[in-house]
Amino acid sequence: MPEQLVFAMEVFLNGLMAGVLYALVALGFVLIFKASGIFNYAQGVMALFSALTLVGIMEGQVPFSHIINAVFGTEIHHFGWHVPALLAILITMAVMVLFAWIVQRYIFRHLVGQEPIILFMATIGLAYFLEGVGDLMWGSEIKKLDVGLPQGINDWIDLTTYNIFDYGFFIDNLDIVATVIAALLVAALVIFSQYSKEGRAMRAVADDHQAALSVGVSLNFIWIMVWSVAGFVALVAGIMWGTKSGVQFSLSLIALKALPVLMLGGFTSIPGAIVGGLIIGVGEKLFEFAIGPMVGGATENWFAYVLALIFLVFRPQGLFGEKIIERV
Amino acid sequence: MLDNAEGYVTEDGRKIGGVVMEMKNITLRFGGVVAIKDISFDIRQGEIRAIIGPNGAGKSSMLNVISGFYVPQEGQVLFKGEPRPQMKPYEVAQQGIARTFQNIALFEGMTVLDNVMTGRLNKMNSGLLSQAIWKGKAEREEVENREKAENIIDFLEIQHIRKTPVARLPYGLKKRVELARALVSEPSILLLDEPMAGMNVEEKEDMSRFILDVNDEFGTTIALIEHDMGVVMDLSDRVVVMDYGKKIGDGTPNDIRNNQAVIDAYLGVAHD
Numbered sequence: 031m032p033e034q035l036v037f038a039m040e041v042f043l044n045g046l047m048a049g050v051l052y053a054l055v056a057l058g059f060v061l062i063f064k065a066s067g068i069f070n071y072a073q074g075v076m077a078l079f080s081a082l083t084l085v086g087i088m089e090g091q092v093p094f095s096h097i098i099n100a101v102f103g104t105e106i107h108h109f110g111w112h113v114p115a116l117l118a119i120l121i122t123m124a125v126m127v128l129f130a131w132i133v134q135r136y137i138f139r140h141l142v143g144q145e146p147i148i149l150f151m152a153t154i155g156l157a158y159f160l161e162g163v164g165d166l167m168w169g170s171e172i173k174k175l176d177v178g179l180p181q182g183i184n185d186w187i188d189l190t191t192y193n194i195f196d197y198g199f200f201i202d203n204l205d206i207v208a209t210v211i212a213a214l215l216v217a218a219l220v221i222f223s224q225y226s227k228e229g230r231a232m233r234a235v236a237d238d239h240q241a242a243l244s245v246g247v248s249l250n251f252i253w254i255m256v257w258s259v260a261g262f263v264a265l266v267a268g269i270m271w272g273t274k275s276g277v278q279f280s281l282s283l284i285a286l287k288a289l290p291v292l293m294l295g296g297f298t299s300i301p302g303a304i305v306g307g308l309i310i311g312v313g314e315k316l317f318e319f320a321i322g323p324m325v326g327g328a329t330e331n332w333f334a335y336v337l338a339l340i341f342l343v344f345r346p347q348g349l350f351g352e353k354i355i356e357r358v
Numbered sequence: 030m031l032d033n034a035e036g037y038v039t040e041d042g043r044k045i046g047g048v049v050m051e052m053k054n055i056t057l058r059f060g061g062v063v064a065i066k067d068i069s070f071d072i073r074q075g076e077i078r079a080i081i082g083p084n085g086a087g088k089s090s091m092l093n094v095i096s097g098f099y100v101p102q103e104g105q106v107l108f109k110g111e112p113r114p115q116m117k118p119y120e121v122a123q124q125g126i127a128r129t130f131q132n133i134a135l136f137e138g139m140t141v142l143d144n145v146m147t148g149r150l151n152k153m154n155s156g157l158l159s160q161a162i163w164k165g166k167a168e169r170e171e172v173e174n175r176e177k178a179e180n181i182i183d184f185l186e187i188q189h190i191r192k193t194p195v196a197r198l199p200y201g202l203k204k205r206v207e208l209a210r211a212l213v214s215e216p217s218i219l220l221l222d223e224p225m226a227g228m229n230v231e232e233k234e235d236m237s238r239f240i241l242d243v244n245d246e247f248g249t250t251i252a253l254i255e256h257d258m259g260v261v262m263d264l265s266d267r268v269v270v271m272d273y274g275k276k277i278g279d280g281t282p283n284d285i286r287n288n289q290a291v292i293d294a295y296l297g298v299a300h301d
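Those protein sequence lines, which keep their order, are chains A and B. For the first sequence, our numbering gives the first residue as 31, with consecutive numbering after it. For the second sequence, our numbering gives the first residue as 30, with consecutive numbering after it.
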């Protein structure tokens, strides 16, 4: 097999793995958008915030220690204990549910029936507010996150591919784990929304508020639930990205990559978010591999957006989005 | 006059029970506009009760008060003899008051069956964990709810479109699906907001038949709003007539036909 093709295959696989992470973030967007029509700009910051909280809890960091120390002149930073990863994840999840409740109770309950652009602006405000809160609570330095996920090159794949192609593929164990977890998460979400009572109620609210009320569904409860689920998805994404490249504030920028993913997949489709993420992941890696050297590289920065632009022109509802047909 | 506890027997021999819901001196305002002015009436167990009136008389507002979508400024709603505290629409629905809408509020993206199944949401009590492992209560409930849904679908003769997304259905069938969704929750009171609006004669006949059948078969108490006088007179046991937010008549269709105020409201009188 020609060498170039083997390289391309490796790039393709790595692209798939990167795409899974994009898809995870995009998934959080889709959930909230479907259920409440809110485009949640803060989804990426939620991933950052949940990862920060997780690290903080695991390390036994004192939240708001900077403020506490400044006000009381103390020098406390740590409680002096370490919380096991699983327990810390559960506590972080509880924090995200609390966050969902606060967001619903103090922001979006007052904005019911407002224009989408107003809701969108509210989420932008929320994003920067949450980023500030995360900074104040846990500090702004880059943190290492290790919840015990395997990391480093997968020797089996390396060896197997070496025997076949005379060239060992570099596939990170973490990427494989991320892929498996993302697949499980998506399966769980689909089953939840299709077959559970709460899922049915969620779809009902997404479809028609008035009708949902008339069959006895509390909009408020469903919205809190959806924000909680989005918080959970953000936490999973935060763990994956945090483990891969450290918990840092640039994490919130991955939210922007989710935009082209959504344009591709459609804003209302869970499978769309997944497929869109994979296409962007693979596309940008392959493009960089094939075309990058000719144009001086760094195509990964813009490839996704150009692809999204092309999609907007030819298929504005995305691959899986609901086609909007106006009857006249 | 009727006794509160005891019912009466209709002309066609159905027995009507005691008062299920009573509206007492309801007044509803939107800013300076008075939509409903000091109206009282009751709905009895097992009867078909109609609210009629010309456009803008406040009929839909009345229905929205009953179903909790509007909160009246004055007056009291008594449900099963108890004064009802201020409630959200979903809480009213959970109490067993189901409704349909004038402009149809269905879940357009779901199939007919899924739409009807949402009517059973409040009958599901099993926890998420139990649902996840699909054992015991969750399984029993799902089977039972599915059975109820299929029964209603059969009853309203919409089996052939069970799996069709609602968005693709014609208007008349959508109305029927909405009725099915309301009915499947086994409501104490079924509120129908213009069930025959925008239908052709054939569809109207079908719908009238279904309303009568539902009342007959399940003994469902029905309160409906309708424009079409002919239909109302044929269907209902007792009629409330509204005009400009006020009650101008209340009684059997025959009483209403001979009520001068009603005749004036519908035909118009010279004001001089």
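The beta carbon of each residue, even a glycine, is placed where N, CA and C say it ideally should be.
How would you call residue i, buried or exposed, if buried means at least 16 neighbouring beta carbons within 10 angstroms?
i, result
"Met-30/B", "A caution first: Met-30/B carries a pLDDT of 41, below 50, which makes its placement in the model too unreliable to give a value."
"Asp-235/B", "buried"
"Asp-32/B", "With a pLDDT of only 49 at Asp-32/B, under the threshold of 50, the placement of this residue in the model should not be trusted; the figure read from the coordinates follows. Asp-32/B is exposed by the Cβ-count criterion."
"Trp-332/A", "exposed"
"Tyr-119/B", "buried"
"Lys-174/A", "exposed"
"Phe-159/A", "exposed"
"Lys-88/B", "buried"
Could you tell me whether any Cβ in chain A is nearer than 9 Å to the Cβ of residue i?
i, result
"Ser-265/B", "no"
"Ser-89/B", "no"
"Arg-128/B", "yes"
"Ser-96/B", "yes"
"Met-30/B", "Note that Met-30/B has pLDDT 41, beneath the 50 cutoff, so the model's placement of it is unreliable and no number is given."
"Gln-188/B", "no"
"Ser-217/B", "no"
"Asp-136/B", "Sequence inspection shows Phe at residue 136/B; the Asp mentioned does not correspond to that position. Output row for Phe-136/B: interface = yes."
"Arg-210/B", "yes"
"Gln-160/B", "yes"
"Ser-214/B", "yes"
Compare the C-beta of residue i with all C-beta atoms of chain B and state if any pair is closer than 9 Å.
i, result
"Ala-267/A", "no"
"Leu-243/A", "yes"
"Lys-315/A", "no"
"Val-247/A", "yes"
"Ala-72/A", "no"
"Tyr-158/A", "no"
"Arg-230/A", "yes"
"Ala-124/A", "no"
"Ala-236/A", "yes"
"Gln-278/A", "no"
"Gln-347/A", "no"
"Lys-274/A", "no"
"Leu-299/A", "Note on residue identity: the sequence assigns Ser, not Leu, to residue 299/A. It does not; no Cβ of chain B falls within 9 Å."
Just reading off the alpha helix (DSSP H) that residue i is part of, what are its end residues?
i, result
"Met-91/B", "88 to 95"
"Ala-48/A", "33 to 66"
"Thr-83/A", "73 to 89"
"Phe-341/A", "333 to 344"
"Phe-184/B", "166 to 184"
Counting along the chain, where does the beta strand (DSSP E) carrying residue i start and finish?
i, result
"Gln-240/A", "Run containing Gln-240/A: none in the beta strand (DSSP E); it sits in the alpha helix (DSSP H), 239 to 244."
"Ala-252/B", "250 to 254"
"Arg-210/B", "Where Arg-210/B is concerned, there is no enclosing beta strand (DSSP E), although the alpha helix (DSSP H) it sits in stretches over 200 to 212."
"Ile-68/B", "62 to 73"
"Ala-79/B", "77 to 81"
Give the residues of chain D in contact with residue i, contact being defined as C-beta atoms less than 9 Å apart.
i, result
"Arg-233/A", "Going by chain labels, chain D is absent from the structure shown, which instead holds the protein chains A and B."
Should residue i be counted as a contact of the ligand COA given a C-beta to heavy atom distance under 8 Å?
i, result
"Gln-34/A", "The model on display carries no ligand, and the ligand COA is accordingly not part of it."
Original post:
Between the segment 100 to 120 of chain B and the segment 131 to 148 of chain B, do at least 3 Cβ pairs fall closer than 8 Å?
Top reply: Between the segment 100 to 120 of chain B and the segment 131 to 148 of chain B there are fewer than three inter-stretch CB-CB distances shorter than 8 Å, so the stretches are not counted as touching.
**OP:** Can you give me, in chain order, the residues of the segment 138 to 155 of chain B that have a beta carbon less than 9 Å from any beta carbon in chain A?
**Re:** Those residues of the segment 138 to 155 of chain B placed with their C-beta closer than 9 Å to a C-beta in chain A are Gly-138, Met-139, Asp-143, Asn-144, Met-146, Thr-147, Gly-148, Arg-149, Leu-150, Asn-151, Met-153, Asn-154, Ser-155, ordered along the chain.
**OP:** Could you list the residues in the segment 112 to 124 of chain B with a C-beta less than 9 Å from some C-beta on chain A, going in chain order?
**Re:** Within the segment 112 to 124 of chain B, the residues whose Cβ lies closer than 9 Å to some Cβ of chain A are Lys-117, Pro-118, Tyr-119, Glu-120, Val-121, Ala-122, Gln-123, Gln-124, listed in chain order.
**OP:** Could you tell me whether the segment 93 to 107 of chain B touches the segment 56 to 64 of chain B, using the rule of 3 or more Cβ pairs below 8 Å?
**Re:** A contact exists between the segment 93 to 107 of chain B and the segment 56 to 64 of chain B.
**OP:** Would you check if the segment 48 to 60 of chain A and the segment 306 to 313 of chain A touch, i.e. whether three or more CB-CB distances between them fall below 8 Å?
**Re:** With the cut-off at 8 Å, the segment 306 to 313 of chain A and the segment 48 to 60 of chain A touch.
**OP:** Kindly confirm or deny that the segment 262 to 271 of chain A and the segment 72 to 80 of chain A touch, where touching means at least three C-beta pairs closer than 8 Å.
**Re:** Enough Cβ pairs lie closer than 8 Å, so yes.
Original post:
Can you find at least 3 beta carbon pairs, one from the segment 211 to 222 of chain B and one from the segment 243 to 259 of chain B, that sit closer than 8 Å?
Top reply: In this structure the segment 211 to 222 of chain B touches the segment 243 to 259 of chain B; the number of beta carbon pairs closer than 8 Å is three or more.
**OP:** Decide if the segment 83 to 98 of chain B is in contact with the segment 268 to 279 of chain B; the criterion is three or more beta carbon pairs, one per stretch, under 8 Å apart.
**Re:** A contact exists between the segment 83 to 98 of chain B and the segment 268 to 279 of chain B.
Original post:
Touching or not, the segment 289 to 302 of chain A and the segment 88 to 101 of chain A, by the rule of three or more beta carbon pairs under 8 Å?
Top reply: Counting C-beta pairs with one atom in each stretch, the segment 289 to 302 of chain A and the segment 88 to 101 of chain A have fewer than three that are closer than 8 Å, which means they do not touch.
Original post:
Using Cβ-Cβ distances below 7 Å, what residues of the segment 173 to 205 of chain A are close to chain B?
Top reply: From the segment 173 to 205 of chain A, no residue has a Cβ closer than 7 Å to chain B.
**OP:** Examine the Cβ distances between the segment 225 to 234 of chain B and the segment 198 to 214 of chain B and report whether three or more of them are shorter than 8 Å.
**Re:** The segment 225 to 234 of chain B vs the segment 198 to 214 of chain B: in contact.
Original post:
Would you call the segment 66 to 73 of chain A and the segment 225 to 234 of chain A in contact, with 3 or more CB pairs under 8 Å?
Top reply: Output reads no: the segment 225 to 234 of chain A does not touch the segment 66 to 73 of chain A.
Original post:
Would the segment 58 to 67 of chain A and the segment 255 to 264 of chain A be scored as touching if the rule is three or more Cβ pairs under 8 Å?
Top reply: Three or more beta-carbon pairs separated by less than 8 Å link the segment 58 to 67 of chain A to the segment 255 to 264 of chain A, which places the two stretches in contact.
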